[in-house]
Every structure is written in C-alpha cells, then in structure tokens.
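Residue numbers (the numbering used here): 5 to 292. We put the beta carbon where it would ideally sit given N, CA and C, even for glycine. Inspection log for the structure reproduced underneath, given as structure tokens.
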Amino acid sequence: MGDVLAGIHATWEFESDSVLIRFERGIRAPKLYQALRERRIPHEALESVSLSQGKRGTVVLHAVPRPGADPLMDAAAGQLKESCDPYRLVLPAERETLAEYYADELRACLTPYAAKPADRHLVAAPEAPLHFKAYDGRAGFDGRQVTFRWFWTGASSEKWKAGDQTFPVASLSGVDWRSPEVFDGHLRLLRREGDGGPAQADRDPAAVIFGLGYGPVHESLPFAAAVLAAVRGGAGPAIPHQPVPVAAGRRDPADIAERIRHLGDLHQAGLVTDDEFSAKKAELLAEL
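Given below as structure tokens:
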C-alpha cells in the first residue's frame, strides 16, 4: 500500500507486508506511546481489524493482534486502558471514509490463520537494556538476566535478608505483570523450577512491587515484554536460580545515589528518623 494515515498521537504507514506505527512524542501523548516510539506490525501478526465511533467526534481504527504474536500485549494481558492501546488509531470523524478504506485494505491482508494463536512472537519486543524503579528496589534487564537491587527503606525483611537477586533468562518460564494502576501492582518473575514463592509479591524475592510513582506502565510494561520475549525465544537447559548476594567492593555510584535519594525522600516524609537516615547514608557511602 505504501500510504500514510495520520491520527491523534500516532501515524500508521501501510507497507506491503506490515504496518509501521510511529507514535507522537509530545507532552499530550500517552507516556507508553512516547516510550515505544515506533513499532512494525507484520500482517501475519493481526487477528482482526475494525472501525468504530470514538468519543467527541472521532473514529477509531483498531487492529487486534493474534494471541502470542506481540510480547507487549501478552505481558499486558488485557490490563491496558483504551487510551494506551498501541493498536488503536484515533482519527477525526471527517476521515471516516478514508479510515474505512484502509480498514478494508488491512482486512484483505489478513492471513488464513489469523484466528489462531501465533506459535511465536511476530512483533519485536522493546530492546534491552531496560530498567525501572519499583517501590522496593530497582529492576534491570540486560537481555541475558534480570536483576533486582533492593532499597533498604522499601524492601520487606524477607527480600532484604535474601539479598539482591539475579535471574538468568534460562531460569525463567514467564512474567506476571500486574498494572501499577490497580491494587497490588507488581512484576513477578515465574521460575522454571516451579517454586511460586510467597503469595504476597512484597515478600517474594522474584518480584518487585509498584506504588504511587513507582513502576509506571510506560516503564514496567516494556520491561516485562522484553523479558517475556527473551524467555520465549531463549534456548538451552533451565538454570536453577541462585540468589546473588551483594558483591564486595565498589558499587555503581548512580545506584548508590539513587538509594540515598530514596532514603532522603522517606526521611523528609518522617518515615525514617534522623539517626536512621545518618547511619544508612554513611553505610551506603562506604560502598563507593
């Protein structure tokens, strides 16, 4: 097709074998769109295409991915709000005829097995390295392993005693992402050895918990999608997970600074006493 359809916060470029979605990066665009920047959706990744009436004089062109085709949508598991759905293109109502034309064109490109789940990911996952700040620690993913580094002021005693954690991709079977916009938001790593860990995510060393301002969708969901894609695309025997204790010697100065800032926030909020703040700050500085 080779044509371009510009909507609100996104533009769809129709190519011979795919749709290239470019997301707006303005301050009014959903933060998830800004984080994703652009995505190429192969026609074989689509299950259906529809056009419907939107709000306040708009129409919505909506492409639905096949289950298993997109690690981002698999990780989201239906928890994304409509306004953040990267497969929805909102257009002014006067473009309805044009939108219907492109909807028909896309429907004609659907494969005979569009109604069946995909046996592999067909849409690229966000690229590592990725990281985000949760309430009880910092999560990092370098493409090969996931690391959790606990915040002394946020992590539960169970996590603090277990120490910072490292999970090789080969030791994982999946990811459980619960949106930070609902109660009990968290990111939990599912392990191949079958140990589900404590029921509460705040006690499970294989999970980080979200909260107000921690683990926002635009940071934690791409992270979860990247890990999920690596797990499903990985090969080789399972590697049993072993906790990785805090290494001796110098620590990353940026990580230490982040911990001190987090400690300072709690101190200002009255959740940490002056003595506790001074003692922990000195302990952190000693690790540099």
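Query: Across the region 214-225 and the region 128-141, are there enough close Cβ pairs to call them in contact, namely three or more that are closer than 8 Å?; Result: yes
Query: Could you give the distance in angstroms between the alpha-carbon of G30 and the alpha-carbon of T15?; Result: 13 Å
Query: Who pairs with F136 in a beta bridge, going by DSSP?; Result: A143
Query: How about F18 and Y106: do their beta carbons lie closer than 8 Å?; Result: yes
Query: Leaving out the 5 sequence neighbours to the left and right, which residues in its chain are closer than 7 Å to R182 when beta-carbon positions are compared?; Result: D188, G189 and H190
Query: Rounded to whole angstroms, what's the CA-CA distance from A252 to A290? Just pull it up for me.; Result: The predicted position of A252 is uncertain, since its pLDDT is 38 and thus under 50; a value taken from the coordinates is nonetheless stated next. Looking at the two C-alpha atoms, the distance is approximately 11 Å.
Query: Say whether the region 193-212 touches the region 98-113, bearing in mind that this needs 3 or more beta-carbon pairs closer than 8 Å, one atom from each stretch.; Result: no
Query: Looking at the structure shown, is T186 part of a helix, part of a strand, or coil, going by DSSP?; Result: Reading the sequence as shown, one finds Val at residue 186 and not Thr. Coil, per DSSP.
Query: Just checking, does the region 142-150 make contact with the region 71-90 on the three C-beta pairs under 8 Å criterion?; Result: no
Query: Excluding the five sequence neighbours on either side, which residues of its own chain have a C-beta within less than 8 Å of the C-beta of E42, listed in chain order?; Result: L24, I25, R26 and F27
Query: Do A10 and I45 have their C-beta atoms within less than 8 Å of each other?; Result: no
Query: Please state the DSSP three-state secondary structure of W181.; Result: strand
Query: So the candidates are G158, D269, R153 and V173; which of them puts its Cα closest to the Cα of G237?; Result: V173
Query: Near D74, what residues of its chain come up, given a Cβ to Cβ distance below 6 Å and the 5 sequence neighbours on each side ignored?; Result: V127
Query: According to the Cβ coordinates, are A122 and A49 closer than 8 Å?; Result: yes
Query: What beta strand (DSSP E) runs, 3 residues minimum, are completely inside the region 16-101?; Result: 22-27, 42-46, 50-57, 62-69 and 92-96
Query: In terms of residues, what are the limits of the alpha helix (DSSP H) holding V173?; Result: Segment: none, V173 is in no alpha helix (DSSP H) and carries neither H nor E.
Query: Going by DSSP, what residues sit across from V150 in a beta bridge?; Result: F145 and F171
Query: Closer than 7 Å by C-beta to A296: which residues in its own chain qualify, once you throw out the five before and the five after it? Chain order, please.; Result: The displayed coordinates of the chain run from 5 to 292. Any statement about residue 296 would go beyond what the structure contains.
Query: Looking at P209 and K284, is the spacing between their C-beta atoms short of 8 Å?; Result: no
Query: Go to A205, then tell me how far its alpha helix (DSSP H) extends in each direction, as first and last residue.; Result: Element bounds for A205: n/a, residue is neither H nor E.
Query: How would you call A132, buried or exposed, if buried means at least 16 neighbouring beta carbons within 10 angstroms?; Result: buried
Query: Just reading off the beta strand (DSSP E) that L9 is part of, what are its end residues?; Result: V8 to A10
Query: By the DSSP assignment, the beta strand (DSSP E) with V293 in it spans what residues?; Result: The structure shown does not extend to residue 293, since the chain is modelled only from 5 through 292, so no value can be given for it.
Query: Using a Cβ-Cβ cutoff of less than 6 Å, which residues in the same chain neighbour I12 once the five nearest sequence positions on both sides are dropped?; Result: V94
Query: Identify, in the order they occur along the chain, each residue of the same chain with its Cβ nearer than 6 Å to the Cβ of A303, setting aside the five sequence neighbours on each side.; Result: What the structure shows of the chain is the stretch from 5 to 292, and residue 303 is not part of that stretch, so it cannot be assessed.
Query: Taking 8 Å as the threshold (C-beta atoms), are A39 and A129 in contact?; Result: no
Query: Are the beta-carbon atoms of G61 and P96 separated by less than 8 Å?; Result: yes
Query: Mapping the DSSP letters down to three states, classify A166 as helix, strand or coil.; Result: helix
Query: In angstroms, rounded to a whole number, what distance separates the CA positions of E287 and Q272?; Result: 19 Å
Query: Buried or exposed, going by whether 16 or more other CB atoms sit within 10 Å of the CB of S20?; Result: exposed
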